[in-house]
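**Q** Dumping the structure here so I can ask a few things about it.
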Ligand SMILES: NC(=O)c1ccc[n+]([C@@H]2O[C@H](COP(=O)([O-])OP(=O)(O)OC[C@H]3O[C@@H](n4cnc5c(N)ncnc54)[C@H](O)[C@@H]3O)[C@@H](O)[C@H]2O)c1
Ligand SMILES: [Zn+2]
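Next comes the structure, spelled out in structure tokens:
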């Protein structure tokens with residue numbers, strides 16, 4: 113087991129990463145909740161696979177958790193689901209000393225975070241992330257979110273968990289498409305913040321896809337360390353945390369332009385990274401060879417490298433309205449080498465258009 117410390121302001125919490133950690137959740141929950149209620153928020157597929165292990169570890173500690181199952185995927189993040197969870201917690205008599213625990217991917221985690229940050233003005237939170245994306249990204253940093261019918265992640269808060277427990281063994285049941293989503297974020301960390309990680313992925317892509325335990329744990333730890341470091345420096349999402357947006361400016365526009373149907377977040381981000389790497393190349397920040405290197409690796413990880421059903425003008429229109437744009441100017445987190453980057457405001461629309469055209473498929 114490895115332990116990474118995340119410090120945000122005066123708070124510090126551990127992220128524990130290792131194979132077989134689900135069995136330790138009960139002991140950890142006992143330490144955090146004391147005599148308060150333990151509320152597990154989960155989704156049906158994860159409940160089916162992993163609730164029993166978690167619940168039996170709680171049984172040993174004499175904890176009888178309140179288990180609240182919510183709809184899977186983005187449906188977990190609706191205001192209706194939020195109100196349902198709050199109602200169930202009230203019914204169960206959960207007080208201000210409760211511990212809310214997410215058991216699932218980023219959707220369960222975002223909902224649980226928002227519940228914990230608002231229920232009786234805030235109760236304790238812990239995450240047990242079960243997707244690669246949640247283990248390397250969403251469980252660390254304290255962002256929570258609900259979707260509004262008019263915009264994804266519009267309603268949210270910052271509420272740090274007290275603990276994150278990532279059991280790498282649960283990734284064995286993750287659908288390949290979901291695994292790739294996490295790999296896109298891992299690739300992002302390597303490309304813009306950690307050249308060593310990028311080289312490990314280049315050398316071990318096959319082993320990662322085969323879920324080889326050693327390399328998986330290494331890569332998850334290294335990614336979680338980067339996320340922890342960046343959020344520790346910059347809790348409220350400015351400055352260096354902006355570098356984590358590599359691939360996301362174009363990626364979010366692709367998701368929105370295709371109504372969140374054709375491309376998963378990771379797939380859209382992968383294509384977004386390739387478009388944005390082309391912008392960096394046109395600005396002279398990296399060579400064409402570096403763009404090719406990122407593209408080759410995305411392709412080996414099974415990520416798409418071209419997007420269909422969108423136009424460059426359409427994507428630019430969406431990006432101008434994005435919350436990352438200021439006064440209509442589009443800002444990108446761009447690599448200036450493998451493993452480092454900068455946030456750049458790009459005013460030249462023709463240049464952006466040209467770069468996006470490079471990733472349009474037929
Ligand atoms: N808070 C943040 O900082 C942050 C960062 C990135 C993304 N997010 C949010 O995270 C969400 C996406 O998270 P996600 O990609 O984890 O998706 P998800 O939570 O929808 O999980 C993906 C699918 O995998 C299933 N699943 C989860 N674990 C499994 C396992 N071990 N075995 C089998 N199936 C399993 C889920 O039931 C679901 O069907 C988005 O809503 C995004 O906005 C938040
Ligand atoms: Zn992302």
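In this note's numbering, the protein residues as written are 113 to 474.
Positions of the beta carbon are idealized from the N, C-alpha and C atoms, including for glycine.
Rounding to the nearest angstrom, what Cα-Cα distance links residue 411 and residue 126 in this structure?
**A** C-alpha separation (whole angstroms): 34 Å.
**Q** Going by the C-beta, is residue 157 closer than 6 Å to any heavy atom of ligand 1?
**A** Yes; taking the cut-off as 6 Å, the Cβ of residue 157 has a heavy atom of ligand 1 nearer than that.
**Q** Which term fits residue 315, buried or exposed, when burial requires 16 or more other beta carbons within 10 angstroms of its beta carbon?
**A** The residue is exposed, with fewer than 16 neighbouring Cβ atoms inside 10 Å.
**Q** Based on the DSSP secondary-structure assignment, which residues constitute the bridge partners of residue 314?
**A** Bridge partners of residue 314: none, in fact.
**Q** Helix, strand or coil, according to DSSP, for residue 444 in the structure here?
**A** Note: residue 444 maps to strand in three-state DSSP.
**Q** Tell me where the beta strand (DSSP E) around residue 364 begins and ends.
**A** Not the beta strand (DSSP E): residue 364 falls in the alpha helix (DSSP H), residues 360-369.
**Q** Measuring only the C-alpha atoms, how far is residue 219 from residue 191?
**A** Their backbone Cα atoms lie some 13 Å apart in a straight line.
**Q** Express the C-alpha separation of residue 241 and residue 291 in angstroms, rounding to a whole number.
**A** The straight-line gap from Cα to Cα measures roughly 13 Å.
**Q** When the Cα of residue 120 is compared with those of 259, 429 and 344, which residue comes out closest?
**A** The shortest Cα separation from residue 120 among 259, 429 and 344 belongs to 344.
**Q** Would you mind stating whether residue 359 and residue 388 have Cβ atoms separated by less than 7 Å?
**A** For residue 359 and residue 388, yes; Cβs fall inside 7 Å.
**Q** What separation, rounded to the nearest whole angstrom, lies between the Cα atoms of residue 271 and residue 294?
**A** Each residue's alpha carbon lies about 22 Å from the other.
**Q** Looking at residue 458: is its Cβ nearer than 7 Å to the Cβ of residue 442?
**A** Closer than 7 Å, so yes.
**Q** Could you tell me whether the region 231-248 touches the region 272-280, where touching means 3 or more Cβ pairs closer than 8 Å?
**A** Yes, the region 231-248 touches the region 272-280.
**Q** Of the residues 163, 129 and 155, which one's Cα is nearest the Cα of residue 476?
**A** With the chain represented from 113 up to 474, any question about residue 476 goes unanswered, as that position is not in the structure.
**Q** Could you tell me the alpha carbon to alpha carbon distance between residue 440 and residue 433, rounded to whole angstroms?
**A** Roughly 7 Å separates the two Cα atoms.
**Q** Sorry if obvious, but does the Cβ on residue 137 come closer than 6 Å to a heavy atom of ligand 2?
**A** Checking every heavy atom of ligand 2 against the Cβ of residue 137, none is found closer than 6 Å.
**Q** Could you tell me the distance, in whole angstroms, from the CA atom of residue 262 to the CA atom of residue 136?
**A** Those two C-alpha atoms are separated by around 40 Å.
**Q** When you compare only the Cα positions, how much space is there between residue 207 and residue 200?
**A** Distance between the alpha carbons of residue 207 and residue 200: 12 Å.
**Q** Examine chain B for any beta-carbon lying closer than 7 Å to the beta-carbon of residue 229, and answer yes or no.
**A** Given the protein chain composition of this structure (a single chain), no chain B is represented.
**Q** Which parts of the region 384-461 are runs of the beta strand (DSSP E), unbroken and 3 residues or longer, counting only runs that do not cross its ends?
**A** List check, beta strand (DSSP E) in window: 442-449 and 452-458.
**Q** Taking residue 212 and residue 204 to be in contact with their CB atoms under 8 Å, please state how far apart those CB atoms are, rounded to whole angstroms.
**A** In fact, because the Cβ distance is near 12 Å, the residues do not count as touching under 8 Å.
**Q** What's the gap between the Cα of residue 288 and the Cα of residue 320?
**A** Distance between the alpha carbons of residue 288 and residue 320: 12 Å.
**Q** In angstroms, rounded to a whole number, what distance separates the CA positions of residue 366 and residue 456?
**A** The straight-line gap from Cα to Cα measures roughly 20 Å.
**Q** Could you tell me the boundaries of the beta strand (DSSP E) in which residue 238 lies?
**A** Element bounds for residue 238: 236-241.
**Q** For my contact list, residue 451 and residue 307 are in at a C-beta cut-off of 8 Å; report their separation, rounded to the angstrom.
**A** With a Cβ gap of about 3 Å, residue 451 and residue 307 count as contacting.
**Q** With a 10 Å radius around its C-beta and 16 neighbouring C-beta atoms as the bar for buried, classify residue 222 as buried or exposed.
**A** Burial call: buried.
**Q** Under a three-way DSSP split, which group does residue 125 fall into?
**A** Strand.
**Q** Using only CA atoms, which one of 352, 454, 403 and 328 lies nearest to residue 114?
**A** Looking at the Cα atoms, 328 is the closest of the given residues.
**Q** With hydrogens ignored, establish whether the beta-carbon of residue 381 is closer than 6 Å to any heavy atom of ligand 2.
**A** Yes, ligand 2 has a heavy atom inside 6 Å of this Cβ.
**Q** Within 10 angstroms of its Cβ, does residue 285 collect 16 or more other Cβ (buried), or is it exposed?
**A** Per the 10 Å Cβ criterion, exposed.
**Q** Could you say which of 185, 231 and 130 lies nearest to residue 198 if we only look at CA atoms?
**A** Among 185, 231 and 130, the Cα nearest to that of residue 198 is on 231.
**Q** Specify the secondary structure class of residue 269 as computed by DSSP and reduced to three states.
**A** If DSSP states are grouped into helix, strand and coil, residue 269 belongs with the strands.
**Q** From the DSSP output, which residues share a beta bridge with residue 275?
**A** BP columns for residue 275 point to 238.
**Q** In three-state terms, what does DSSP make of residue 288?
**A** DSSP places residue 288 in helix when its eight states are reduced to three.
**Q** Can you tell me which residues form a DSSP beta bridge with residue 472?
**A** Answer is 419, bridged to residue 472.
**Q** From the DSSP output, which residues share a beta bridge with residue 213?
**A** DSSP lists 152 and 238 as partners of residue 213.
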